[in-house]
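The sequence shown begins at 5 in our numbering and counts up by one. Just so you know, even glycine gets a beta-carbon here, dropped at the ideal spot from N, CA and C. In this text the structure is predicted, and so the values were computed from the model without any measurement.
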Amino acid sequence: IEYLANLLQKSRSITFLAIPNTGITDRGIRLLADILCGVDADSTCPPLEKLHISFNKSITDESMESLIQIIEQNQTLKLLSLQHCSLSDNVRRKLRQADVDQ
């Protein structure tokens, strides 16, 4: 994920990122959120429109705050695909609400 994070920091042309079934963890989602939301001072905030991270069982409820941060702060994101991750129904509801509030 560190390599991917470095690539995202340097690229202003990536609009679609698909990393399904890659074993990304909650830690990786935190790093991804930092890059996509411009938390890192070196970040250029790529204009990502679609993020597909489905089929990653290591994405758990611990990623909720990072995922909400991605939804709320990334102004270009239109689609966040999270099917078949290890998220509870409660967290899924909170993510949908965060999306509606945008």
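Out of the options, state which residue places its alpha-carbon closest to the alpha-carbon of residue i.
i     : options                   : result
Leu12 : Pro50, Arg34, Arg96       : Pro50
Gly42 : Ala22, Ala9, Pro24, Asn25 : Ala9
Below 7 Å CB to CB, which residues in the same chain sit around residue i once its five sequence neighbours on both sides are set aside?
i     : result
Arg34 : Ser70
Gln79 : none
Ile28 : Ile5, Ile57, Asn60, Ser62, Ile63
Exposed or buried, which one is residue i when buried takes at least 16 other CB atoms within 10 Å?
i     : result
Asn94 : exposed
Ala37 : buried
Leu91 : buried
Kindly give me the distance between the Cβ atoms of residue i and residue j, rounded to whole angstroms, as I take these residues to be in contact under 8 Å.
i      : j     : result
Ala102 : Ile63 : Their Cβ separation, rounded to whole angstroms, is 16 Å, which puts Ala102 and Ile63 out of contact at 8 Å.
Thr19  : Lys54 : 7 Å
Which same chain residues end up closer than 8 Å to residue i when comparing Cβ atoms and leaving out the 5 residues on each side of it in sequence?
i      : result
Asp30  : Ser62, Ile63, Thr64, Glu66, Ser67, Ser70
Leu118 : Any answer about residue 118 is impossible in this case: the structure gives the chain only from 5 up to 106.
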